[in-house]
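> Sending over a structure as structure tokens; questions will come in a sec.
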Amino acid sequence: MGKVIAIANQKGGVGKTTTAINLAASLAATEHPTLIIDIDPQANCTSGTGLDPRNVANSTYEVLIGDVAIDEAVRQTNIPFLDILPSHINLVGAEIEMIDVMERERILKNALIHARRKYDFVVIDCPPSLGLLTLNSLTAANSVLIPVQAEYFALEGLGQLLNTIKIVRQHLNPELEIEGVLMTMFDTRLRLSNQVAQEVRRYFGDKVFRTIVQRNVRIAEAPSFGKPVLFYDATSIGARNYIALAKEILRNNQRYLRQYEEVQEEASSPVKPNGQNDSVSPSSTPANGFTF
Ligand SMILES: Nc1ncnc2c1ncn2[C@@H]1O[C@H](COP(=O)(O)OP(=O)(O)OP(=O)(O)O)[C@@H](O)[C@H]1O
Ligand SMILES: [Mg+2]
170 MGKVIAIANQ
180 KGGVGKTTTA
190 INLAASLAAT
200 EHPTLIIDID
210 PQANCTSGTG
220 LDPRNVANST
230 YEVLIGDVAI
240 DEAVRQTNIP
250 FLDILPSHIN
260 LVGAEIEMID
270 VMERERILKN
280 ALIHARRKYD
290 FVVIDCPPSL
300 GLLTLNSLTA
310 ANSVLIPVQA
320 EYFALEGLGQ
330 LLNTIKIVRQ
340 HLNPELEIEG
350 VLMTMFDTRL
360 RLSNQVAQEV
370 RRYFGDKVFR
380 TIVQRNVRIA
390 EAPSFGKPVL
400 FYDATSIGAR
410 NYIALAKEIL
420 RNNQRYLRQY
430 EEVQEEASSP
440 VKPNGQNDSV
450 SPSSTPANGF
460 TF
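Read in order, the letters of the sequence shown correspond to residues 170 to 461 in this note's numbering.
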């Protein structure tokens with residue numbers, strides 16, 4: 170069972186999509202099979218990984234309203250080990266169409282039951298709201314990653330998000346953890362950025378990732394080429410920041426990945442004739458030359 174991480178913050182433009190794309194690509198670069206779920210009608214994750222949302226036949230929308238199975242909608246990206254469940258503008262209507270459905274908050278969780286077995290990580294890019302799409306994501310997730318922009322009012326609205334997480338834990342998903350709080354768009358030249366980082370650390374303590382994502386123009390340019398920053402400019406600060414984040418998350422999840430591999434090994438026995446199995450060790454050297 171892959172670990173499902175929802176990237177959520179109802180505040181707009183804080184770096185959710187950027188983090189979903191670049192974290193997922195960095196995890197995939199270490200040969201961890203990873204699925205991105207784009208559950209935002211803006212479909213920025215979909216275009217940012219090289220797909221044209223207008224040409225997507227089956228999307229998260231069709232999966233949520235029960236028209237197709239998730240496997241029929243998931244597409245491979247150009248990046249090895251990275252698949253995507255694309256979004257479409259139709260998703261705008263999904264919240265209303267789902268209102269009469271039984272257990273409407275659990276639709277994504279149920280859709281993922283089998284699909285997540287193929288992946289080590291599933292990263293969900295949530296829309297900037299706390300509506301039914303985000304609730305479905307938090308219900309399907311093992312953990313939530315909260316990007317916080319290093320700006321004035323950074324903490325504004327976070328109380329509401331934490332309250333939603335609490336309610337989801339009480340009623341829908343008791344296991345939901347906070348994967349971490351990520352400082353984004355950090356400007357090393359500004360005292361303000363440092364002040365905000367201090368304030369966020371005071372509020373969230375050791376839940377704040379050590380990795381900080383700096384403001385970097387390469388990160389902003391990469392989506393217009395349909396590429397994660399790692400595949401647009403691998404030496405940029407932005408690429409290095411997101412690789413560091415993936416490393417930190419892999420370190421924090423060593424136990425989870427070990428348990429998951431053991432389950433996979435049991436399921437795939439008897440061992441193949443050459444003694445190999447399909448599971449990938451977290452410490453394996455990636456074929457594409459990226460070393461972590
Ligand atoms: N570290 C960064 N450096 C420079 N630009 C960035 C960085 N992170 C994000 N951006 C830019 O900031 C804008 C908002 O980022 P993004 O789309 O990831 O936010 P979001 O939280 O997903 O927004 P929304 O709430 O609309 O979904 C984008 O134009 C993105 O390219
Ligand atoms: Mg977004």
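Backbone N, C-alpha and C define an ideal beta-carbon position, used for all residues, glycine too. As the structure is a prediction and not an experimental result, all values here were calculated from the model.
Taking Cβ to Cβ, would you say residue 294 is nearer than 9 Å to residue 176?
Locating residue 294 in the sequence shown gives position 125, where the first residue counts as 1. Locating residue 176 in the sequence shown gives position 7, where the first residue counts as 1. A contact, by the Cβ cut-off of 9 Å.
> Would the beta-carbon of residue 255 be found less than 8 Å away from any heavy atom of ligand 2?
By 1-based counting over the sequence shown, the position of residue 255 is 86. In this structure, the C-beta of residue 255 stays at least 8 Å away from each heavy atom of ligand 2.
> Would you report the Cα separation of residue 392 and residue 211, rounded to the nearest angstrom?
Along the sequence shown, one-based indexing puts residue 392 at 223. Along the sequence shown, one-based indexing puts residue 211 at 42. The straight-line gap from Cα to Cα measures roughly 13 Å.
> Please report the residue range of the alpha helix (DSSP H) in which residue 211 lies.
Your numbering for residue 211 matches position 42 in the sequence shown. Here residue 211 belongs to no alpha helix (DSSP H), and DSSP marks it neither H nor E.
> Whole angstroms are fine: how far does the CA of residue 200 sit from the CA of residue 184?
Here residue 184 corresponds to residue number 15 of the sequence shown, with the count starting at 1. Here residue 200 corresponds to residue number 31 of the sequence shown, with the count starting at 1. Cα-Cα distance, rounded: 24 Å.
> For ligand 2, I want to know if residue 364 counts as a neighbour, meaning its beta carbon is within less than 8 Å of at least one of the ligand's heavy atoms.
Here residue 364 refers to the residue found at position 195 of the sequence shown. Every heavy atom of ligand 2 is 8 Å or more from the Cβ of residue 364, so no.
> For the beta strand (DSSP E) containing residue 240, list its first residue and its last residue.
Translated into the one-based positions of the sequence shown, residue 240 becomes position 71. Unbroken run through residue 240 is the alpha helix (DSSP H), 239 to 242; no beta strand (DSSP E).
> Mapping the DSSP letters down to three states, classify residue 195 as helix, strand or coil.
Walking along the sequence shown from the start, residue 195 turns up at place 26. Here DSSP, grouped into helix, strand and coil, assigns residue 195 to helix.
> Just confirm the distance between the C-beta atoms of residue 250 and residue 316, as a whole number of angstroms; I'd bet it's less than 8 Å.
Here residue 250 is taken as the residue at index 81 of the sequence shown, counted from 1. Here residue 316 is taken as the residue at index 147 of the sequence shown, counted from 1. Contact flag wrong, Cβ pair sits at about 23 Å.
> To the nearest angstrom, how far is it from the Cα of residue 403 to the Cα of residue 396?
Counting from one through the sequence shown, the residue named residue 403 turns up at place 234. Counting from one through the sequence shown, the residue named residue 396 turns up at place 227. Those two C-alpha atoms are separated by around 11 Å.
> Give every residue of the same chain whose Cβ lies closer than 6 Å to the Cβ of residue 363, excluding the five residues on either side of it in the sequence, and list them in chain order.
Counting from 1 along the sequence shown, the entry for residue 363 is found at position 194. No residues qualify anywhere along the chain.
> Three-state secondary structure (DSSP) at residue 179?
If you number the sequence shown from 1, residue 179 lands on position 10. In this structure, residue 179 counts as coil in the three-state DSSP scheme.
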